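J.: Here it is, the structure in full.
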Amino acid sequence: MTSSAGNASSLRPEGAAEDRSANPGKDASTARAADAADAIEVLGLVASLEHQAFARLATDSAQAPGLEQALALSRLAARCTERRDRVLARIDELGGDGVAALGRFVGLLDDFDARTPPTSWAERLLKAYVGYGVADDFCRVVARGLDDASARLVAEVLDDASHGELAVRELDEACAGDDVLSSRLALWGRRLVGEALGVVQRVAQRPEVARVLSRAGGADDAATAAAPVEQVPATVFNELTAEHTRRMSRLHLTA
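Residue numbers (the working numbering): 170 to 424.
Structure below.
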């Protein structure tokens, strides 16, 4: 990876308008520092989600119905720490404090988890695949507004993060010939996505995240600068909903 000084010069997205003022050098430096601070906030979100995924997968492994599932989930949990540490290293490169950036999102999913306690192994699998998947999808959208190096890292981390294949295989087997379970899981999936979008809404209201989202094309720059984000932009909401529908379709469940 390049140094923080080298990365700072590429933080503003290609084609972004430069501020023409009496002191362009100072203004450009200020803009780069602001962009770096915004990137650090988004990377802190991604690192926090990986950190929380580690704890969740470790718990799932302990509660798995069989040894094969337990081993698979424990390996996935171990990989979460590797991905988290890659993101923390990038935060350090940008001049930030990785631990502090991650810490700002501690407890982010507590309310979501309190509202959606799974009552079976199938519900636990669907929650991991569908519910937490919404947060990952949101991070993918926001990452489009980051500098190239950070955006690539987030894409790599999230592409490696999914344990969807395990969930799809297990749930396909569980739902085969069981219409009652399929119907119940379809309802559970609707509840999960509704609660997960509420989490996304709260994160999108953070000023740093809102600014990166605007650079990603998910919000109007002028509106973002003038007032806090009060709801997820329609384009982002539609994309998150489409991804949820795709996941449910893989499971042959109605979204």
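Think of the CB as a built atom: it goes at the ideal place given N, C-alpha and C, for glycine as much as any other residue.
Note that this is a predicted model, so its numbers are computed, not measured.
Assuming residue 215 and residue 256 are in contact, meaning their beta carbons sit under 8 Å apart, how far apart are those beta carbons, in whole angstroms?
T.: Between residue 256 and residue 215 the Cβ distance is about 5 Å, and since that is below 8 Å, they are a contact.
J.: If we define contact as Cβ-Cβ less than 8 Å, is residue 249 a contact residue for chain B?
T.: This model lacks chain B altogether, as it is built from one protein chain only.
J.: Rounding to the nearest angstrom, what Cα-Cα distance links residue 221 and residue 227 in this structure?
T.: In a straight line, the C-alpha of residue 221 is about 10 Å away from that of residue 227.
J.: Is DSSP giving residue 347 helix, strand or coil here?
T.: Residue state, collapsed to three classes: coil.
J.: Please report how far the alpha carbon of residue 286 lies from the alpha carbon of residue 276, in whole angstroms.
T.: Cα to Cα, the separation comes out at about 16 Å.
J.: Please state whether the Cβ-Cβ distance between residue 211 and residue 365 is less than 8 Å.
T.: It is not a contact, given that the beta carbons lie outside the stated cut-off.
J.: Would you mind giving the Cβ-Cβ distance between residue 314 and residue 405, rounded to the nearest angstrom? I have them listed as a contact below 8 Å.
T.: That belief does not hold up - the Cβ atoms of residue 314 and residue 405 are roughly 11 Å apart, past 8 Å.
J.: When the Cα atoms are used, what is the spatial distance from residue 394 to residue 237?
T.: Note on residue 394: pLDDT 46, under 50, position unreliable in the model; the coordinate value appears next. For residue 394 and residue 237, the distance between alpha carbons rounds to 51 Å.
J.: With a 10 Å radius around its C-beta and 16 neighbouring C-beta atoms as the bar for buried, classify residue 402 as buried or exposed.
T.: With 16 or more Cβ atoms within 10 Å of its Cβ, residue 402 is classed as buried.
J.: Quick test of your reading: residue 242 and residue 254, contact by CB under 8 Å. State the CB separation rounded to the nearest angstrom.
T.: Contact doesn't hold; Cβ gap of about 20 Å is too wide.
J.: So within the segment 303 to 334, which uninterrupted alpha helix (DSSP H) runs reach at least 4 residues, ignoring any that extend past its ends?
T.: Runs of the alpha helix (DSSP H) inside the segment 303 to 334: 317 to 330.
J.: Just to confirm my understanding: we take residue 335, look at its own chain, exclude 5 residues before and 5 after, and list those with CB closer than 7 Å. What are they?
T.: Counting only Cβ-Cβ distances below 7 Å, and skipping sequence neighbours, we find 241.
J.: Would you kindly report the start and end of the unbroken alpha helix (DSSP H) that includes residue 281?
T.: Unbroken alpha helix (DSSP H) run through residue 281: 279 to 284.
J.: If I'm right that residue 300 touches residue 356 with Cβ under 8 Å, what's the distance once you round it to whole angstroms?
T.: The pair is not a contact, with the Cβ atoms about 13 Å apart (cut-off 8 Å).
J.: Count Cβ pairs between the segment 282 to 298 and the segment 339 to 352 that sit closer than 8 Å; are there 3 or more?
T.: Counting Cβ pairs under 8 Å, three or more are found: they touch.
J.: Any chance you could list the alpha helix (DSSP H) runs of at least 4 consecutive residues sitting entirely within the segment 230 to 262, in chain order?
T.: DSSP runs (the alpha helix (DSSP H)) wholly in the segment 230 to 262: 236 to 262.
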